[in-house]
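Undergrad: Okay, here's the structure, questions in a sec.
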Amino acid sequence: MNRPMGTLGICVSLLILATLPAQQDELRKALEDEVSSAWIYDDIEAGYEAARKTGKPLLVSFR
Amino acid sequence: MTGQETDEELSELAAKFVRVRIIQMGGVDLSVFQFDPFLSWSVFLMNGDKTIYGRFGTASPRTRRNAKDSNPNHTTAGLKAALRKALEVHAAWQKDPSSMAKALAGKSGPKPRWRTIESMPAAKKYGRLGRIKGTDERGCAHCHEVQRARIDSCLLTGERIPDDMLWVYPHPEALGLTLSRDHCARVTRVEPGSVAHKAGLEAGDDILSMQGQPLLSVADVSWVLQTFPDDGGKLAVSIRRDGKEQQKTMTLPKLWRQEGDFGWRYRVAGYAMWLWSGVSLEDHEKGVRVANLSPRWFKKPNRSARKVLRKGDIIVAVDGKRGWTRSKYIAYLMREKKLGSVVRLRVLRGGEEIAARFQVPDKQPEVLGH
Chain A
647 MNRPMGTLGI
657 CVSLLILATL
667 PAQQDELRKA
677 LEDEVSSAWI
687 YDDIEAGYEA
697 ARKTGKPLLV
707 SFR
Chain B
51 MTGQETDEEL
61 SELAAKFVRV
71 RIIQMGGVDL
81 SVFQFDPFLS
91 WSVFLMNGDK
101 TIYGRFGTAS
111 PRTRRNAKDS
121 NPNHTTAGLK
131 AALRKALEVH
141 AAWQKDPSSM
151 AKALAGKSGP
161 KPRWRTIESM
171 PAAKKYGRLG
181 RIKGTDERGC
191 AHCHEVQRAR
201 IDSCLLTGER
211 IPDDMLWVYP
221 HPEALGLTLS
231 RDHCARVTRV
241 EPGSVAHKAG
251 LEAGDDILSM
261 QGQPLLSVAD
271 VSWVLQTFPD
281 DGGKLAVSIR
291 RDGKEQQKTM
301 TLPKLWRQEG
311 DFGWRYRVAG
321 YAMWLWSGVS
331 LEDHEKGVRV
341 ANLSPRWFKK
351 PNRSARKVLR
361 KGDIIVAVDG
371 KRGWTRSKYI
381 AYLMREKKLG
391 SVVRLRVLRG
401 GEEIAARFQV
411 PDKQPEVLGH
């Protein structure tokens, strides 16, 4: 049985940051929110589009 | 949702999803994203066409706010189980959407009264959508502010606050079920005499679906309960026991939701409790006990109530009626008492039953706000 995780402890490992779309990157930096480039940041429409294009399901996290 | 620890299996599973991180509730379409507003972290697993496969993220009285903001209801194993199940559902959906359409229809909730927090009368009146810190962007609203804004909006418009807005996202314990945190929906204990017990559920059962909806996590059970009629009825359950699938039926009584407690949801219930009743309350076998006066940092408690109630008092009757719980009492004050009206109490104090009365606020209180 896994030990309980803190909210921040639940997730994938940090990856090296790549360039996010400028607006989202600015937002992320302003909030000092460390998140990997694997995540679409605060843009659900971009998420829908990416899911439709790739055929992958969506994981939408509210934090 | 960024990691402080690495779990390779979780990384591999997550990589099979398009991942989106939403950091504030401004502009969020509440007709799509309906979830327990008490959570500081919540996940939707879904299709790009907005079909929802399931939810992950559960609040309970064990949820605490501390330096780590941890929620003991969540584990890595539980999240991985949810992701695996979501991938199965996704594969089935892609192969033949019509086969899953009926099962997944219930995963989306009824059309909400207000589609975004911005459109709620309370959000407009109280101007809660501030700037996101450090940026020029507006729309900063926390998840729990959605619920507060809804309740305040009902108060402003005179609409009755429905049961499912106060007793939100009932925990499986409302059915007498304790579920494992590490599996989708595995029963670890059934409360004797409970709804689940009477339906024949046992520890060790894996609940596969409720009302035809596949269950990815405990949150999906709370979702089924959130959308279940307040008047009760039959709840269809599919389980796997000893490798075989069985069908069970739970019977929820009328007004089943009100037998639960929402008083621990302090972000809304706490404020409402102090605004209307003036004091902190807890359930007691004889009634509703005054646990404490409202905290000093809370600026707007009902001062009329604070003058007549003392710590340790047990409220045994309200306006001539008995049989109260904390939640029913708070709901009664908020929904049934007109502004400025008097509340007549019978209170046990020092072993003696005495009469007390106070006035509910005479101006519309605002639950919204930190």
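Protein sequence lines, in the order shown, are assigned to chains A and B. Under the numbering used here, residues 647 to 709 are what the first sequence spells out, in order. Under the numbering used here, residues 51 to 420 are what the second sequence spells out, in order. All C-beta atoms, glycine included, are put in the ideal place defined by N, C-alpha and C. Quick caveat: nothing in here was measured; it's all calculated off a predicted structure.
(1) Distance, Cα to Cα, Ser81 of chain B vs His194 of chain B?
(2) Go to Lys175 of chain B, then tell me how far its alpha helix (DSSP H) extends in each direction, as first and last residue.
(3) Compare the C-alpha of Glu168 of chain B against each of B:Ser148, B:Met150, B:Gln144 and B:Arg198 and name the closest.
(4) For Met300 of chain B, collect the residues of the same chain with a Cβ closer than 7 Å to its Cβ; drop the 5 residues on either side in sequence, then sort them by chain order.
(5) Helix or strand or just coil, what does DSSP make of Trp685 of chain A?
(6) Helix, strand or coil for Ala319 of chain B, going by three-state DSSP, please let me know.
(7) Flag Ser683 of chain A as yes if its beta-carbon sits less than 7 Å from any beta-carbon of chain B, otherwise no.
(8) Apply the 10 Å Cβ neighbour rule to Val393 of chain B and answer buried if 16 or more other Cβ atoms are within range, or exposed otherwise.
(9) Count the C-beta pairs between the stretch 89 to 100 of chain B and the stretch 208 to 218 of chain B that are closer than 8 Å, then say yes if the count reaches three, no if not.
(10) Shorter than 7 Å from the beta carbon of Val68 of chain B to some beta carbon of chain A?
(11) Beta carbon of Gly328 of chain B, beta carbon of Asn352 of chain B: below 7 Å?
(12) Taking C-beta to C-beta, are Thr108 of chain B and Ala269 of chain B nearer than 7 Å?
(13) Quick check on Phe94 of chain B - is its C-beta less than 7 Å from some C-beta in chain A?
(14) By the 9 Å beta-carbon criterion, what residues does the stretch 81 to 105 of chain B contribute toward chain A?
(15) Would Gly313 of chain B be called buried (16 or more neighbouring beta carbons within 10 Å of its own) or exposed?
(16) Find the nearest neighbour of Pro160 of chain B within the set B:Thr277, B:Asp311, B:Pro345 and B:Arg346, judged by alpha-carbon distance.
(17) What are the uninterrupted segments assigned as alpha helix (DSSP H) that are 4 or more residues long and contained completely in the stretch 331 to 370 of chain B, given in chain order?
(18) For chain B, is any of its Cβ atoms less than 7 Å away from the one on Asp710 of chain A?
TA: Well, looking at it:
(1) Whole-angstrom Cα-Cα distance: 16 Å.
(2) Pro171 to Tyr176 is the extent of the alpha helix (DSSP H) around Lys175 of chain B.
(3) Nearest C-alpha to Glu168 of chain B: B:Arg198.
(4) Take Met300 of chain B, set aside five residues on each side of it, and the residues of its chain with a beta-carbon closer than 7 Å to its own are Leu225, Val245, Ala246, Ala249, Leu285 and Val287, in chain order.
(5) In the three-state scheme derived from DSSP, where H, G and I count as helix and E and B as strand, Trp685 of chain A is classed as strand.
(6) Helix, per DSSP.
(7) For Ser683 of chain A, no CB of chain B lies under 7 Å from its own CB, so it is not counted at the interface with that chain.
(8) When all chains shown are included, Val393 of chain B counts as buried.
(9) Counting Cβ pairs under 8 Å, fewer than three are found: no touch.
(10) Output row for Val68 of chain B: interface = yes.
(11) Yes, the pair counts as a contact, with Cβ atoms nearer than the cut-off.
(12) Result yes, Cβ atoms of Thr108 of chain B and Ala269 of chain B sit closer than 7 Å.
(13) Contacts with chain A at 7 Å (Cβ-Cβ) include Phe94 of chain B.
(14) Within the stretch 81 to 105 of chain B, the qualifying residues are Val82, Phe83, Phe85, Leu89, Ser90, Trp91, Ser92, Val93, Phe94, Leu95, Met96, Asn97, Gly98, Asp99, Lys100 and Tyr103.
(15) The residue in question, Gly313 of chain B, is buried, as its Cβ has 16 or more Cβ neighbours within 10 Å.
(16) Ranking B:Thr277, B:Asp311, B:Pro345 and B:Arg346 by Cα distance to Pro160 of chain B puts B:Thr277 first.
(17) You should have 353 to 358.
(18) Because chain A here runs from 647 to 709, residue 710 of chain A falls outside it and cannot be looked at.
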